[in-house]
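What follows is a short report on a single structure.
Numbering (this note's numbering), first residue to last: 12 to 302.
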């Protein structure tokens with residue numbers, strides 16, 4: 012049986028240090044973090060971590076983990092769900108301008124699908140269903156992922172048709188113009204101007220989305236924390252409602268109980284607050300099985 016595959020983005024728009032940008036042609040390295048489970052893949056601009064499923068009996072104890080080394084998505088999708096998972100970086104401000112982070116996400120998907128043999132060679136007989144890819148993102152990553160799916164020119168059809176489902180978590184899709192915002196604010200560093208923000212934010216792209224994009228749009232589920240940042244839950248519910256109108260199908264909104272914006276991922280492997288990850292795994296598996 013082939014395992015479902017997921018590509019995930021968990022980063023923010025801005026952080027103190029820049030992503031390392033790799034030069035030259037695509038290449039693979041083998042920097043293993045969890046024995047038998049993770050290999051590092053480098054492309055010309057991106058760094059991607061590949062998480063291979065491992066038997067439950069081989070999972071490390073919580074005391075053996077270093078959160079500086081192990082991504083939470085390992086536990087969401089690989090260890091708990093037997094889902095082959097790739098986590099990719101994208102460029103951040105101030106070193107990136109729109110649409111470069113969105114292009115990085117697209118290129119991570121494209122590189123993966125163009126190098127299936129190299130990806131699978133990192134594992135031990137693992138097979139993945141690369142005809143049905145699932146995307147998962149959090150915070151600014153969800154803004155970039157929804158932008159990629161809704162933008163009229165950034166995502167070519169040969170990649171779009173391989174995306175089976177999307178998990179958007181804790182994203183922002185509408186930005187209200189505030190002329191008092193400093194040009195040094197991450198949002199304006201990324202987009203350059205309020206006009207560009209308003210033309211390219213996901214809410215606008217959805218309203219303008221052409222029929223060919225909507226007809227092939229993947230299934231979507233939206234996750235929000237119960238204690239989200241002010242305005243986030245309302246924006247997520249508005250996106251879900253507008254997607255339902257445009258797509259003619261349901262877009263569920265799942266509330267992660269007792270969580271704030273950042274806590275869902277930190278809660279994993281603690282024994283408390285992990286239910287949302289089980290919901291993600293179940294949602295992906297149901298759609299992978301229906302293909």
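No residue lacks a Cβ here, since even glycine has one placed at the ideal position from N, Cα and C. A quick note: this is a predicted structure, and the numbers were derived from the prediction, not measured.
Query raised in the report: Looking at C-alpha atoms only, which residue of 246, 160, 228 and 164 is the closest neighbour of residue 235?
Result: Mapped onto the chain shown, residue 235 falls at position 224. Ranking the options by Cα distance to residue 235, first place goes to 246.
Query raised in the report: residue 295 by DSSP, collapsed to three states: which one?
Result: Residue 295 sits at position 284 when you count from the first residue of the chain shown. Residue 295: helix per DSSP, three-state reduction.
Query raised in the report: DSSP three-state call for residue 191: helix, strand or coil?
Result: Against the chain shown, residue 191 aligns to sequence position 180. Coil, per DSSP.
Query raised in the report: Taking buried to mean at least 16 other C-beta atoms within 10 Å of its own C-beta, is residue 113 buried or exposed?
Result: Working through the chain shown from its first residue, we reach residue 113 at position 102. It counts as buried.
Query - C-alpha distance - residue 143 paired with residue 228, whole-angstrom precision - result: To locate residue 143, count along the chain shown from 1; it is residue 132. To locate residue 228, count along the chain shown from 1; it is residue 217. The alpha-carbon atoms of residue 143 and residue 228 are separated by roughly 13 Å.
Requested in this report: Return the CA-CA distance between residue 205 and residue 240, expressed in angstroms with no decimal places.
Outcome: Here residue 205 corresponds to residue number 194 of the chain shown, with the count starting at 1. Here residue 240 corresponds to residue number 229 of the chain shown, with the count starting at 1. Distance between the alpha carbons of residue 205 and residue 240: 22 Å.
Requested in this report: Quick one: grab the DSSP three-state call for residue 172.
Outcome: In the chain shown, counting from the first residue as 1, residue 172 sits at position 161. Note: residue 172 maps to coil in three-state DSSP.
Report task. Report the residue from 279, 139 and 119 whose alpha carbon sits nearest the alpha carbon of residue 159. Result -> What you label residue 159 is simply residue 148 of the chain shown in a count that begins at 1. Residue 159 has its Cα closest to that of 119, out of 279, 139 and 119.
Query raised in the report: Using a threshold of 8 Å, is the CB atom of residue 107 nearer than that to any non-hydrogen atom of the ligand ATP?
Result: Of the ligands one can find in the structure shown there are none, so the ligand ATP has no counterpart to examine.
Report task. Can you tell me which of 179, 122, 213 and 199 puts its alpha carbon nearest to the alpha carbon of residue 170? Result -> The sequence position of residue 170 within the chain shown is 159, counting from 1. The candidate whose alpha carbon is nearest that of residue 170 is 122.
Query raised in the report: Under 9 Å, do residue 161 and residue 217 count as touching if we go by C-beta distance?
Result: The count along the chain shown starts at 1 and reaches residue 161 at position 150. The count along the chain shown starts at 1 and reaches residue 217 at position 206. Yes.
Query raised in the report: From which residue to which residue does the beta strand (DSSP E) around residue 268 run?
Result: In the chain shown, residue 268 corresponds to position 257, counting from 1. Residues 264-271.
Query raised in the report: Are the beta-carbon atoms belonging to residue 178 and residue 147 less than 9 Å from one another?
Result: Here residue 178 corresponds to residue number 167 of the chain shown, with the count starting at 1. Here residue 147 corresponds to residue number 136 of the chain shown, with the count starting at 1. Yes, the Cβ-Cβ distance between residue 178 and residue 147 is below 9 Å.
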